[in-house]
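For the sequence shown, the positions run 8 to 87 when the numbering used here is used.
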Amino acid sequence: MSILPCRKCNGEGRIFKSKYGGNDPDVWDSGECEDCKGSGSQVCEARSCNDLAVAFNDDGEALCEDCLAEWASEEFGAQP
Ligand SMILES: [Zn+2]
Ligand SMILES: [Zn+2]
């Protein structure tokens with residue numbers, strides 16, 4: 008499995024803002040991406056987990072390998 012690119016900055020590691028939004032080419036670098044701390048890699052969205060995410064679950068959350076396995080066991084486990 009490979010590391011996912013950050014959803015917020017598309018793996019750029021920085022946030023680019025435009026005056027008008029959309030496809031406006033007039034953009035500026037507004038600083039490091041807060042979500043990935045500038046690494047460009049998607050971080051696991053599970054609570055208090057800062058590992059790198061490798062996949063999305065069915066709820067659309069980016070999870071690391073460990074959390075993904077945990078989520079899968081909960082999803083398909085014996086919980087009523
Ligand atoms: Zn980012
Ligand atoms: Zn995790």
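Glycine included, each C-beta is placed from N, C-alpha and C at the ideal position.
- Listed as beta-bridge partners of F63 by DSSP are A69.
- Taking 8 Å as the cut-off, the beta carbon of P12 is found closer than this to the beta carbon of S48.
- Under the three-state reduction of DSSP output, S9 falls in the coil class, being neither helix nor strand.
- For W35, the beta-bridge partners assigned by DSSP are K24.
- An exposed status is given to A76, since fewer than 16 other beta-carbon atoms sit within 10 Å of its beta-carbon.
- When secondary structure is reduced to three states using DSSP, S55 falls in the coil class, being assigned neither helix nor strand.
- In this structure, L11 has its CB at a distance of at least 7 Å from all heavy atoms of ligand 2.
- The stretch 53-60 makes no contact with the stretch 29-41; the number of CB pairs closer than 8 Å stays below 3.
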